[in-house]
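Residue numbers (our numbering): 25 to 370.
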């Protein structure tokens, strides 16, 4: 079993980590262009059909409980942005390390820029849905930047409550609100939002086709859709599936983080094209998030991190123990940190 007699310090100590980055150009105005990627549509190596209803209910319950238990720990150590940071790979240097919270802000900025969302508050989005909102970090950032009305949904009651409390504390209760809801059955009418935002929630969706369909349904004509998610590598021309070791590797991560089968960016493109969505762009940002998991592991090995993990329960501890597998997956090219953006037709 994954959680055998090996102790957390042994696991974390043995993993090869990236060197920290000493500086970030956080307020750089030019965003990154799409990186080269395959546009060929492939047979999905991980099924995108709906899972058995019983297993789907169990999956959703596991996700909710995982984030109910772990969100307070994450916020205490890392702040209110529950997603990867964005770093400059050409600025890797030993030393004190990068500002990880600034890198998480930058992830939002880079994603908006990649999607072609205007920097001008007057031309930016005014109605936003944050699908898989965590404790609302993205929503509050976008609401401040554009004066937008943001609605966030999450499976975790703790996250929804905490997100609303933070909004009230920060004077944004009139701009942002959060509720417990299923991303596959969003509680919103058709065509309501001019920005549909999913920051690292797609990996939890057991039915990718339904997930993308709901994002498109709630998008207004001309709206921008942003999906930032973990994917597996695109299959080669002669491959029908991932290699056995890759499937085994991903299964260990799935078991700890309550993830269904993974898919590739090409699979997402296929789904988006089937819905006649336009201006589809993808990029592999794996190199830009490389310092993230090593930094999370280092923070977990502090006295504060270890005591917080022990208090948070077994689900959070199991998640911590597979963090080295995320690093290994990135290093071997199996795991890709992907951004996929598109626009709904006018």
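Even glycine gets a Cβ: it sits at the ideal position worked out from N, Cα and C.
Query, Result
"Are the region 285-297 and the region 341-351 touching by the rule of at least three beta carbon pairs closer than 8 Å?", "no"
"From this set, 324, 310, 246 and 368, which residue's C-alpha is nearest residue 298's C-alpha?", "368"
"Near residue 153, which residues of its chain fall below 8 Å by C-beta distance, leaving aside the five closest residues on each side in sequence?", "174, 175, 176, 177, 210, 212, 216, 217, 219, 220, 221 and 242"
"Do you know how far the Cα of residue 344 is from the Cα of residue 78?", "27 Å"
"Please report the straight-line C-alpha distance between residue 83 and residue 309, rounded to a whole angstrom.", "27 Å"
"Restricting to Cα atoms, I'd like to know which of 323, 365 and 311 is closest to residue 354.", "311"
"Since residue 340 is in the alpha helix (DSSP H), which residue starts that stretch and which ends it?", "338-345"
"Pull the bridge partners of residue 275 from the DSSP assignment, please.", "None; residue 275 has no bridge partner."
"Roughly how many angstroms lie between the CA atoms of residue 360 and residue 195, to the nearest whole one?", "37 Å"
"Mind checking whether residue 204 and residue 181 have CB atoms under 7 Å apart?", "yes"
"Once the 5 residues before and after residue 184 are set aside, which same chain residues still bring their CB inside 7 Å of it?", "178, 202, 203 and 204"
"Which runs of the beta strand (DSSP E) spanning at least 3 residues fall entirely within the region 220-275, listed in chain order?", "243-256"
"Is the beta carbon of residue 208 sitting closer than 7 Å to the one on residue 232?", "no"
"Starting from the Cα of residue 187, find the closest Cα among 165, 214, 171 and 170 and give me that residue.", "165"
"Just curious, the beta strand (DSSP E) that residue 366 is in, first and last residue?", "359-367"
"Return the CA-CA distance between residue 88 and residue 363, expressed in angstroms with no decimal places.", "24 Å"
"Please determine, among 315, 278, 144 and 307, the residue with the shortest C-alpha to C-alpha distance to residue 90.", "278"
"Quick one, which of 107, 366 and 106 has its alpha-carbon nearest residue 246's?", "366"
"Quick one: complete beta strand (DSSP E) runs, 3+ long, within the region 172-229?", "173-178, 200-204 and 217-223"
"Report the residue ranges of all alpha helix (DSSP H) runs contained in full by the region 115-167; include only those spanning at least 4 residues, in chain order.", "124-138"
"Helix, strand or coil: which one does DSSP assign to residue 307?", "strand"
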